[in-house]
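Take our numbering: the final residue in the first sequence is number 677, and no numbers are missing along the way. Take a look at the structure set out below.
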Amino acid sequence: MSLKIYSTLTRNKEEFKPNQAGKISMYVCGITVYDYCHIGHARVLVAFDVITRFLRARGWDVHYVRNITDIDDKIIKRADENGEDYTDLTSRFIDFMHEDERALGVVQPSQEPRATAHIKDIVQMVGELIAKGHAYAASNGDVYYRVSSFAEYGKLTNKNPEDLLAGARVEVDEAKEDPRDFALWKHAEDREVGWPSPWGKGRPGWHIECSAMSKHCLGANFDIHGGGPDLPFPHHENEIAQSEAANGCTYANYWMHAGAVRLDGEKMSKSLGNFFTIREVLKKYHPETVRYVLLGSHYRSPINYSEDNLIEARSGLERFYSALRGYENVEVVALAELSDDYSARFIAAMEDDFNTSVALAAMFDAVRALNTAKGTAEAQSLAVSIKTMGQVLGILQDVPDAFLQADSGEGMQARDIEALIAERVQAKLDKNFARADEIRAQLTDAGIMLEDSAEGTKWRRES
RNA sequence: GGCGCGAUAGCAAAGCGGUUAUGCACUGGAUUGCAAAUCCACGUAGCCCGGUUCGACUCCGGGUCGCGCCUCCA
Numbered sequence: 215m216s217l218k219i220y221s222t223l224t225r226n227k228e229e230f231k232p233n234q235a236g237k238i239s240m241y242v243c244g245i246t247v248y249d250y251c252h253i254g255h256a257r258v259l260v261a262f263d264v265i266t267r268f269l270r271a272r273g274w275d276v277h278y279v280r281n282i283t284d285i286d287d288k289i290i291k292r293a294d295e296n297g298e299d300y301t302d303l304t305s306r307f308i309d310f311m312h313e314d315e316r317a318l319g320v321v322q323p324s325q326e327p328r329a330t331a332h333i334k335d336i337v338q339m340v341g342e343l344i345a346k347g348h349a350y351a352a353s354n355g356d357v358y359y360r361v362s363s364f365a366e367y368g369k370l371t372n373k374n375p376e377d378l379l380a381g382a383r384v385e386v387d388e389a390k391e392d393p394r395d396f397a398l399w400k401h402a403e404d405r406e407v408g409w410p411s412p413w414g415k416g417r418p419g420w421h422i423e424c425s426a427m428s429k430h431c432l433g434a435n436f437d438i439h440g441g442g443p444d445l446p447f448p449h450h451e452n453e454i455a456q457s458e459a460a461n462g463c464t465y466a467n468y469w470m471h472a473g474a475v476r477l478d479g480e481k482m483s484k485s486l487g488n489f490f491t492i493r494e495v496l497k498k499y500h501p502e503t504v505r506y507v508l509l510g511s512h513y514r515s516p517i518n519y520s521e522d523n524l525i526e527a528r529s530g531l532e533r534f535y536s537a538l539r540g541y542e543n544v545e546v547v548a549l550a551e552l553s554d555d556y557s558a559r560f561i562a563a564m565e566d567d568f569n570t571s572v573a574l575a576a577m578f579d580a581v582r583a584l585n586t587a588k589g590t591a592e593a594q595s596l597a598v599s600i601k602t603m604g605q606v607l608g609i610l611q612d613v614p615d616a617f618l619q620a621d622s623g624e625g626m627q628a629r630d631i632e633a634l635i636a637e638r639v640q641a642k643l644d645k646n647f648a649r650a651d652e653i654r655a656q657l658t659d660a661g662i663m664l665e666d667s668a669e670g671t672k673w674r675r676e677s
């Protein structure tokens, strides 16, 4: 069995070959911190979280780096609007981002470099690019990358440099030699935020940050570079141009991009303003429900965000958690210890470019088998298997009752529910079925579903 | 205009040249005091038009529609 990964560079699913046996170095473009993270960010966070969890579960030594862009035009603009120092703004939103990640159960990256902590690396790389003729200091104090000096420019996104030149949307700037050139270093006035450099006070351009930080953390050439759907051009294309020109070697071996999250058919984005923030959605839905929505489709497919999807996702998770009731004490084991057919299918699906949809299908089949075998040793071992696979996807780690009874808002209190259930149990013992049904009806109206079983009456909230 | 992606049953969503995806919803049955959960049964899905093939949802060509990137954006 071998790991296959779709690379944007070749537009093909490829067999993964690491630079170093057993090790994977991965860099993912993180977030520009001037606002709350939205569901589009959650998709990238969760996608690479699941990828990392799975690879580690398969024994790979994964070094996962995800940067934070903490200096940029929008950050400065927003801080100015708020009348605060930009570092106050960024540190606040970095905290919020970490809160959101924790809430979603996203495993922390191995390293989380921030642009402002790597100005030295950036300045050095800009210097190297100038020295090699790939960049130039312009009359306005900016330093630009000379796109014409990099013959392979456009190879990631299949752009023809000539078309770019003719493109109407490329900003024409007097100081540039060529409209395609992009800023590596942006001039700053004395009163503005900036750092000293051989070209005067300034701040880094967006693209050079990632080239410099990835090199610092992972070296000039590493295995996987990932990011969101809007990053291949120009960001990743520019990273390749910078890094390969400066380092003289291939930059990343595999390029992975998550699919977009849409809202009413349009891409969710900060610039369009059509986004739902992670914390907003988590007020109403369990974090695993959000993850499940994201996992239900392949990580590269576009998905539509809607309340209906969330509700359906919760229903799907209810099936898992209903099956897991009674197996609360089951301990998750190492993925490699599982030997059933379902986990074999799960692993095969995940090895095939992280096909979470097929992986979930295998888990659902395991649920059916568990329900059929309930109470037996086989069921016990299936529960272990399901929870273990769930852990790789970052779901099914809650206590079943906690998930099924989670109160999303102003629902009836658990204490009141249990009091009514106790009364109903007595009514049933007294064969007073009229009263028992009355209580059930009352609870049903309140969105509480009862389930009588040999072990007593269980309840859950309706989704 | 350039580059790229997609179109699957009521909804969501995968794989696959011929054999059940899966989940949600629906219907019937079993079970239940009644329910719920669960199990069993049930869907002749694959945008349109051609072609290749013994056989295509799956490959090829054309078309239609939708979407993304080409400007900051995950």
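From the three backbone atoms N, C-alpha and C, an ideal C-beta is built for every residue, glycine too.
| query | result |
| --- | --- |
| For the alpha helix (DSSP H) holding I265, just list the boundary residues, first then last. | 253–271 |
| Go ahead and label T266 buried or exposed: buried means 16 or more other beta carbons lie within 10 angstroms of its beta carbon, across all protein chains shown. | buried |
| Would you tell me roughly how many angstroms separate the C-alpha atoms of N646 and I653, rounded to the nearest one? | 11 Å |
| My output table needs one value for P446: the three-state DSSP class, helix, strand or coil. | helix |
| Out of curiosity, what's the CA-to-CA distance linking H527 and L318? | In the sequence on display, residue 527 carries Ala and not His. The straight-line gap from Cα to Cα measures roughly 15 Å. |
| Would you report the Cα separation of K642 and Y220, rounded to the nearest angstrom? | 59 Å |
| Start and end of the alpha helix (DSSP H) containing I238? | Not the alpha helix (DSSP H): I238 falls in the beta strand (DSSP E), residues 237–246. |
| Please confirm if the region 245–259 is in contact with the region 539–556, defined as three or more CB-CB distances below 8 Å between the two stretches. | no |
| Which same chain residues end up closer than 8 Å to E228 when comparing Cβ atoms and leaving out the 5 residues on each side of it in sequence? | K218, I219, Y220, S221, Y468 |
| Which residues does DSSP list as the beta-bridge partners of R675? | I662 |
| If you run the structure through DSSP and keep just helix, strand and coil, what is A317? | helix |
| Looking only at C-alpha atoms, which of K588, A472, I282, F617 sits nearest to G244? | I282 |
| Enumerate in chain order the residues of its own chain whose CB-to-CB distance from A382 is below 6 Å, with the five nearest sequence positions on each side excluded. | At A382 the pLDDT is 49, less than 50, meaning the model places this residue with poor confidence; the figure from the coordinates comes in the next sentence. Answer for A382: no residue qualifies. |
| By the 10 Å Cβ neighbour count, where 16 or more other Cβ atoms means buried, how is S425 classified, buried or exposed? | buried |
| Can you tell me whether N226 is buried or exposed? The criterion is at least 16 other CB atoms within 10 Å of its CB, across all chains shown. | exposed |
| Looking at the secondary structure, which residues open and close the alpha helix (DSSP H) in which P501 lies? | 501–509 |
| Identify whether E228 lies in helix, strand or coil by the three-state DSSP scheme. | strand |
| Determine the extent of the beta strand (DSSP E) in which K218 is found, giving its start and end residues. | 218–221 |
| Report all residues from its chain with a CB closer than 7 Å to the CB of A349; omit the five preceding and five following residues, and keep chain order. | V340, L343, V357, Y358, Y359, R360, L398 |
| Which of the three DSSP states is assigned to A382 in this structure? | The predicted model places A382 with a pLDDT of 49, which falls under 50 and marks its position as unreliable, so this point remains unresolved. |
| So what's S667 in DSSP terms, helix, strand or just coil? | strand |
| Are the CB atoms of Q594 and Y541 nearer to each other than 8 Å? | yes |
| By how many angstroms is the C-alpha of T371 removed from the C-alpha of H430? | 25 Å |
| Using three-state DSSP, classify V180 as helix, strand or coil. | Shown here, the chain extends from 215 to 677; a query on residue 180 therefore has no answer. |
| Can you name the start and end residues of the beta strand (DSSP E) that M470 belongs to? | 466–471 |
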